[in-house]
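For the record, the sequence lines run as chains A, E and W.
This note's numbering puts the first residue of the first sequence at 33, with every later residue one more than the last.
This note's numbering puts the first residue of the second sequence at -14, with every later residue one more than the last.
This note's numbering puts the first residue of the third sequence at 33, with every later residue one more than the last.
As structure tokens, the structure follows; a few thoughts come after it.
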Amino acid sequence: MENLIVTQAIVIFLLPLAAFVIQIFLGRRLPRQGDWLPTSVMFVGLILAVLILGRVLANYDPAFKITRTFEWMKIGPLVIRFGILIDNLTAAMLFVVTLISALVHLYSIGYMHGDVRYSRYFAYLALFSFSMLGLVLVDNFFAIYIFWELVGVCSYLLIGHWFEKKSASDAAVKAFITTRIGDLGMFAGILIIFATLGTFGFEEVFSSVAAGKLSGGLLTLTGILVFFGAIGKSAQFPLHVWLPDAMEGPTPVSALIHAATMVAAGVYLVGRTYLLYSADALLFIAMIGTITAFIAATIAIAQVDIKKVLAYSTVSQLGYMIAALGVGGYTAGLFHLMTHAYFKALLFLGSGSVIHAMHHAYHQLNDHHSDPQDMRNMGGLRSKLPVTFVTMLAATCAISGVPLFSGFFTKDAILGAALEKAATSHDLAHWLIAIVLFVSAGITAFYMFRLIYMTFFGQPARREILHHATESPSVMTVPLIVLGVFSVIGGYGSWFKDLVVKPELANYAAVALAPEALHETGHEAAHTAHTMAMWLSILIAGTGILLSTAFYYWKKFSADAVAQRYKPIYNFLWKKWYFDDLYAATVLAGTHLFSRISGWFDLKVIDGLVDGAARVTVFGSWLSGEHDNRIIDGLVNLTARIVGWFGGTLREVQTGRVQSYILMALGAVVLLYILQLAFA
Amino acid sequence: MTFFDVMFYVLAAMILLSAAIMVFAKNLIYNAVGLLFAFFGVAGLYVMLGADFLAATQLLIYVGGILVLLLFGVMLSQRITGLEMRTGTLQMLPAVIVCAGVVAILLRMIWMSPWQKTEVGEPAATTRTIGTLFMTDYLIPFEIVSVLLLAALVGAAFIGRRDAR
Amino acid sequence: MTPVGLTHFLVLSAILFALGLLAVITKRNAVTVLMGVELIINAANINFIAFARYLDKDLDGQMFGVFVIVAAAASAAVALAIVLNIYQRMRSVNLDEADSLAG
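Okay, structure coming up:
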């Protein structure tokens, strides 16, 4: 049976790659530009993933784990292994990724209809699915890094799908570079692991950590460095700025990559490598997650672009998951990752449907200036887009934590975990984390219902829109309905809680550490914390929804008036806490300044030297003419020649000739070797 | 001094001399001829090292193929008449200094490394073994290399076309 | 004088490598630069064969040598095609004139 599961997993993983290869080379020649190929492949993958999940559920064994490795490279004493690891978490992730991916493929057939690069779009989607599946299947740091970069590349390609638009290509570059900063940290962390432990495999690393081969400050540092990768990919503070810009990509891409799967890869990474994080590293992770959850939630209040609101909401929810892992709510964080994938993908696809309708309506009205994504232009679409409205309402209830919807259970678990940690650890930082997370939950409910009211209730900016807006075709609404069902029921049952258990170092240690005693004392507190968290979260979500209704449905208060009254705060939120401006003023300006200094140096110093030399020579000629003094003349000529030689030599550096570049590179090698000999 | 040693020094002198001609001569034809003799010398070294198959390959491919290709390159890209057959040099002084530095580094590494020498037996004929290895252990690299050659062939023909734009 | 051994071959190969490098760096004519590249490849190949003879019992080094020769042939063909193409465009194969990369 193990072999069967492994075979199925490998088939799921390789099918999209095959689809990508066929699609990228032959896509344009296939009937319907080949859109059916990646789509059907993903549905086959979904069926296989359901089979695997079914077996896992039939087994119902928390310790279920299959690994298959083979030797990939052997260079002297260095052996790099490659392999797959399937446990309950992997099975769940396989299901989520294939489900969302298959539905997004289906939806894209409708949404991307008539696009210039239709076939290439599907090729990239398939490549992304392959990379993401690889990411969740592999069993070592080296391989996960490879797939980590691959999903980054796919994200770059898909954000820049409409690269004729300057904003889209800029956003693609921004996403790529910003995440690279985090990846650099992750790379350094992996290097530390390999340097100290000599292996990349998760299992070996964990047993070594359990055996104390990597401990103390270095372990904390390694954990934080690896977590840097998650900061970049999962758009955590302070590298969250790329995700809202990434909304320049097609909406189904936002749903698949920037809401459900790739950005959740950071959360998955932390979950997969959970044993690597010491208590200090976990506190760091919890704080980053909490800060992100709060900042992004507040920014979302003031945004008017429907996709931007959802983007900040994604950032905020990812912050929740990260924070949950940080406070020890391992199962809660990963479960939220799963339910969030359902309802956030649904919200994005729904917003895509709304934008589609708005775009269509404006097109009919010959209005090419109004922004179809601006919520201020929308309103009253409830009757025109009934399927979209109902499904999006379900997703909004889920994300806001309305009882009996999926998000309620998982968010509740996260808040409970935070409260439990605060209650058991008795330290200020953990109390702050719990309080901020509760407040953010209220804000989430507020801005999500604001989105619903602004879009589907009231009146649009131009009444004529309502005559032209129509529901999307069924190829787009079917995915919405499927995801809507999952958004409602996704949180029921205890299988996830039972099967995906927090890994314990003790399982890897040769000597059992007797963790029982520790659990007993915390049990009572945990129970109270969770009951309290449930009531508190219902209360807070209710308050958020009520406020939102008061503002945007009953119009008891005017949002504009409030914005006017607290203008500084409003501007602060509208400008997204000035993060982009801050980075523009520091990082970008720094780079520009450096270029300008180099340019100035070139212009003034080098040219100045040459000019000065000329002037001195003129002066010297004058002197020699006056005094006919050969000594001075010679001296000046010498100076001129030396200076001229310097100027000429330095100018040589930028020749554009490959040969002089080779020469300089080699010269640098020789120089470095000499330096190394001298100092080592 | 054995016959082996004498052969080595003769071949080494030949290789270095012709390589020096290749590098320092101004005339393109001299360069090509220098290269030809350097290739011959290297083939001789392969024989001394017991690599008879490789020596033959070296002669066939390098001397027969690559060198002819290079000469064609010379002929096609230079106006044969006149003084165009000369090739100038750039940045000679810094290049010589840097290359001397590279040699110094390499020599130091060669002398510092503790080579674990094995006993050297009489060289046996290798062609049969190499053929077997190609069809067994090295089958996949062998196939990949043949695809590479095909791709290079097509690519070269495409790039070299007169109307390639 | 020590009998000829591994070190002798390595030294020879190092010098040959440097000569090839010199040609690559200093020659103005693209075809001559290619010749320098071939010298470098030959130097590397001598190392492979010498190691195969003196350090290793089996023929892995020689197999590598064969593959290197094949790769060199492929690269020479493609590089010459590129040179011819450059010649057709610029009526010159002097590398210092092909400096569109200059900043």
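Even for Gly, the Cβ is constructed at its ideal location relative to N, Cα and C.
Counting along the chain, where does the beta strand (DSSP E) carrying residue i start and finish?
i: A/SER197; result: Looking at the sequence itself, residue 197 of chain A is Lys, so the reference to Ser does not match. Taken as a continuous stretch (DSSP letters only), A/LYS197 belongs to no beta strand (DSSP E), as it is neither H nor E.
i: A/ARG750; result: The displayed coordinates of chain A run from 33 to 712. Any statement about residue 750 of chain A would go beyond what the structure contains.
i: A/TRP104; result: 97 to 107
Alpha helix (DSSP H) containing residue i: first to last residue?
i: A/LYS453; result: 438 to 457
i: A/LYS529; result: 527 to 531
i: E/THR112; result: 112 to 120
i: A/PHE234; result: 234 to 242
i: A/PRO48; result: 34 to 58
i: A/ALA158; result: 150 to 169
i: A/ILE320; result: 311 to 334
i: A/LEU707; result: 690 to 711
i: W/GLY93; result: 92 to 122
i: A/ARG87; result: 68 to 91
i: A/HIS388; result: 362 to 396
i: A/TYR524; result: Per DSSP, A/TYR524 belongs to no alpha helix (DSSP H) and is neither H nor E.
i: W/THR39; result: 38 to 58
i: W/ARG85; result: 62 to 86
Using a beta-carbon distance below 8 Å, is residue i in contact with chain A?
i: E/LEU21; result: no
i: E/VAL132; result: no
i: W/VAL56; result: yes
i: E/VAL83; result: yes
Answer with yes or no whether the minimum CB distance from residue i to chain E is below 8 Å.
i: A/GLY699; result: yes
i: W/GLY135; result: Annotation note: pLDDT 41 at W/GLY135 (below 50); position unreliable, coordinate value reported separately. Closer than 8 Å: no.
i: W/MET67; result: yes
i: A/VAL702; result: yes
i: W/THR64; result: yes
i: W/TYR86; result: yes
Quick one, which of the options has its alpha-carbon nearest residue i's?
i: A/LEU62; options: A/SER151, A/ALA81, A/SER504, A/GLY142; result: A/SER151
i: A/VAL359; options: A/GLN268, A/THR254, A/ILE465, A/TYR394; result: A/ILE465
i: A/PHE160; options: A/ASN172, A/ASP147, A/TYR188; result: A/TYR188
i: A/ALA430; options: A/HIS372, A/HIS400, A/ARG100; result: A/HIS372
i: A/VAL532; options: A/GLY303, A/ASN35, A/PHE626; result: A/GLY303
i: A/GLY115; options: A/PHE173, A/PHE326, A/TYR139, A/VAL295; result: A/PHE173
i: A/LEU250; options: A/ALA243, A/ARG87, A/THR442, A/GLY221; result: A/GLY221
i: A/PHE678; options: A/VAL702, A/SER310, A/ILE706, A/GLY640; result: A/GLY640
i: A/GLU236; options: A/LEU117, A/GLY699, A/ALA477, A/PRO435; result: A/LEU117
i: A/TYR153; options: A/PRO282, A/LEU342, A/VAL690, A/TRP104; result: A/PRO282
i: W/ASP88; options: E/PRO126, E/GLN101, E/ASP37, E/GLY140; result: E/GLN101
i: A/ARG647; options: A/ILE629, A/ARG673, A/ASP406, A/TYR306; result: A/ARG673
i: A/GLY439; options: A/TYR309, A/PHE367, A/PHE651; result: A/PHE367
i: A/LEU83; options: A/ASP530, A/TYR693, A/LEU131; result: A/LEU131
i: A/ALA334; options: A/VAL419, A/ARG482, A/ILE323, A/LEU169; result: A/ARG482
With 8 Å set as the bound, which would you pick, yes or no: does the beta-carbon of residue i sit closer than that to a beta-carbon of chain W?
i: A/LEU209; result: Here residue 209 of chain A turns out to be Ile, not Leu, going by the sequence shown. With 8 Å as the cut-off, A/ILE209 does not count as an interface residue toward chain W.
i: A/LEU695; result: yes
i: E/ALA80; result: yes
i: E/THR121; result: no
i: A/HIS551; result: With a pLDDT of only 46 at A/HIS551, under 50, the local geometry of the prediction cannot be trusted, and the value read off the model is given with reservation. With 8 Å as the cut-off, A/HIS551 does not count as an interface residue toward chain W.
i: E/ILE65; result: Residue placement at E/ILE65 cannot be trusted, given a pLDDT of 48 that sits under 50; what the coordinates show is reported in the next sentence. Not closer than 8 Å to any Cβ of chain W, the Cβ of E/ILE65 fails to qualify, so no.
i: E/ASN12; result: no
i: E/MET7; result: yes
i: A/GLN65; result: no
i: E/LEU15; result: A small correction: the amino acid at residue 15 of chain E is Tyr; Leu does not occupy that position in the sequence shown. No, because no Cβ of chain W sits closer than 8 Å to the Cβ of E/TYR15.
Handout entry: Complete alpha helix (DSSP H) runs within the region 446 to 522 of chain A (minimum length 4 residues, chain order)
Key = List check, alpha helix (DSSP H) in window: 460 to 488, 497 to 500, 506 to 521.
Problem - Ranges of the beta strand (DSSP E) found wholly within the region 586 to 671 of chain A, counting only runs of at least 3 - result: Here no run is fully enclosed.
Practice task
Take every Cβ of the region 52 to 60 of chain W, pair it with every Cβ of the region 77 to 85 of chain E, and state whether three or more of those distances are shorter than 8 Å.
Solution key: Counting Cβ pairs under 8 Å, three or more are found: they touch.
Exercise for the section: Decide yes or no for the touch test of the region 89 to 106 of chain A against the region 69 to 78 of chain A: beta carbon pairs closer than 8 Å, at least 3 of them. Expected result: These segments do not touch.
Problem - Continuous alpha helix (DSSP H) assignments of at least 4 residues falling wholly in the region 0 to 64 of chain E - result: Runs of the alpha helix (DSSP H) inside the region 0 to 64 of chain E: 13 to 33, 37 to 42, 52 to 62.
Handout entry: Any 3 or more C-beta pairs closer than 8 Å across the region 240 to 250 of chain A and the region 211 to 231 of chain A
Key = In short, these stretches touch, since the Cβ pair count reaches three.
Handout entry: Contact the region 280 to 287 of chain A vs the region 372 to 383 of chain A: 3+ CB pairs below 8 Å
Key = Cβ pair count under 8 Å is three or more, so yes.
Handout entry: Validate contact between the region 5 to 15 of chain E and the region 114 to 133 of chain E using beta carbons, cut 8 Å, 3 pairs
Key = The count of Cβ pairs closer than 8 Å, one atom from the region 5 to 15 of chain E and one from the region 114 to 133 of chain E, stays below three, leaving the stretches out of contact.
Exercise for the section: Evaluate the contact criterion for the region 249 to 265 of chain A versus the region 601 to 615 of chain A: three or more CB pairs, one atom per stretch, below 8 Å. Expected result: Segment contact: the region 249 to 265 of chain A against the region 601 to 615 of chain A, fewer than three CB-CB distances shorter than 8 Å; contact not assigned.
Practice task
Assess, as a yes-or-no matter, whether the region 389 to 400 of chain A is touched by the region 362 to 376 of chain A under the definition of 3 or more beta carbon pairs within less than 8 Å.
Solution key: These segments do not touch.
Exercise for the section: Would you be able to state if there are at least three C-beta pairs under 8 Å between the region 447 to 460 of chain A and the region 392 to 407 of chain A? Expected result: Not touching, per the Cβ criterion.
Practice task
Take every Cβ of the region 63 to 70 of chain W, pair it with every Cβ of the region 84 to 102 of chain W, and state whether three or more of those distances are shorter than 8 Å.
Solution key: The region 63 to 70 of chain W vs the region 84 to 102 of chain W: no contact.
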